[in-house]
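Single-structure report; data block below.
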Amino acid sequence: MSENEEKNTIERDKLLVKLMIHTYDEEVNRNELIDSKNSQMIVLTGAMLTLQATLFTNLLAQKVLFNAQMINSWKILLSGIMLCSLGWIMLALFQFIKSFEFKKSFKQAPNPPFLLKMYNDDTKGIEDVFDKILNRLPKTMDNNRELMAEKVHVGDVGFKYLKYGSVFSLIFVVLFLVSMIH
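Just remember that my numbering sits 1 ahead of the position in the sequence shown, which is counted from 1.
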């Protein structure tokens, strides 16, 4: 290979590495966004669970269960709806927490030990370094995409559970208000 061809190859490899690292950085930002959203959902779900477990449970006990004038079928219905709501919200909280489980780690590209090894190896030329980086980056990004897809899926399931719990909470409030009218 002539010196000019070698220079063109190195410049092309530099451009490819630069573009791949830009894509990698975008994935790191997306991963941080996913973690941030799941963290916010944990806080929201925890607040909803706390509110429901304290306020709604107190209302249920004081105004429904200990109300001798209320029909038993209303007591059972409202209690069942409250338990369903709490159950779905708890499941949602578990799902959002599960999205933070570190079964696999988010990989670095290129990772520092690899760079240090390549830097200290006098037998490797710049072409070898670019070649190794170009081979490692796609594998790293595929691993990270798979990890993010799993986090998004788990978060989506948690969000679905949260919606179910919210619907049951709304039904509880409506039926509770109706029971207070009668």
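Note that CB positions come from ideal geometry on N, CA and C, so glycine has one too.
Alpha carbon to alpha carbon, how far is residue 158 from residue 19? 36 Å
Cα-Cα separation between residue 7 and residue 37, rounded to whole angstroms: Taking the straight line joining both Cα atoms gives about 45 Å.
Please report how far the alpha carbon of residue 89 lies from the alpha carbon of residue 162, in whole angstroms. 5 Å
Using 8 Å as the threshold, is the C-beta distance between residue 39 and residue 101 below it? yes
Say the cut is 7 Å; is the CB of residue 17 nearer than that to a heavy atom of the ligand NAP? Judged by which ligands are present, the structure shown has none, so any question about the ligand NAP falls away.
With residue 144 and residue 108 assumed to form a contact (beta carbons below 8 Å), what rounded beta-carbon distance in angstroms separates them? About 5 Å separates the CB atoms of residue 144 and residue 108; that is less than 8 Å, so the two are in contact.
If you pair each beta-carbon of the segment 168-180 with each one of the segment 57-66, do three or more pairs fall below 8 Å? yes
Can you tell me whether DSSP reads residue 131 as helix, strand or coil? helix
Alpha-carbon to alpha-carbon, residue 141 and residue 51: 40 Å
If you draw a straight line from the alpha carbon of residue 156 to that of residue 12, how long is it in whole angstroms? A direct Cα-Cα distance of roughly 42 Å separates residue 156 from residue 12.
When the Cα atoms are used, what is the spatial distance from residue 127 to residue 133? 10 Å
In terms of residues, what are the limits of the alpha helix (DSSP H) holding residue 44? 4-52
Beta-carbon proximity of residue 180 to residue 71, cut-off 8 Å: The answer is yes: Cβ separation under 8 Å.
Assign residue 166 to buried or exposed, taking buried as 16 or more other Cβ atoms, counted over all protein chains shown, within 10 Å of its Cβ. buried
Short of 8 Å in beta carbon distance, which residues of its chain neighbour residue 153, apart from the five on each side in sequence? Order them along the chain. 35
My understanding is that residue 61 touches residue 80, with C-beta atoms under 8 Å, so please give their C-beta distance in whole angstroms. 7 Å
State the DSSP-derived secondary structure class of residue 167, mapped to helix, strand or coil. helix
Could you give the first and the last residue of the continuous alpha helix (DSSP H) run that contains residue 93? 73-99
Thinking just about the alpha-carbon of each residue, which of 83, 97, 47, 63 is nearest to the one in residue 151? 97
What would DSSP say about residue 180, mapped onto helix, strand or coil? Note: residue 180 maps to helix in three-state DSSP.
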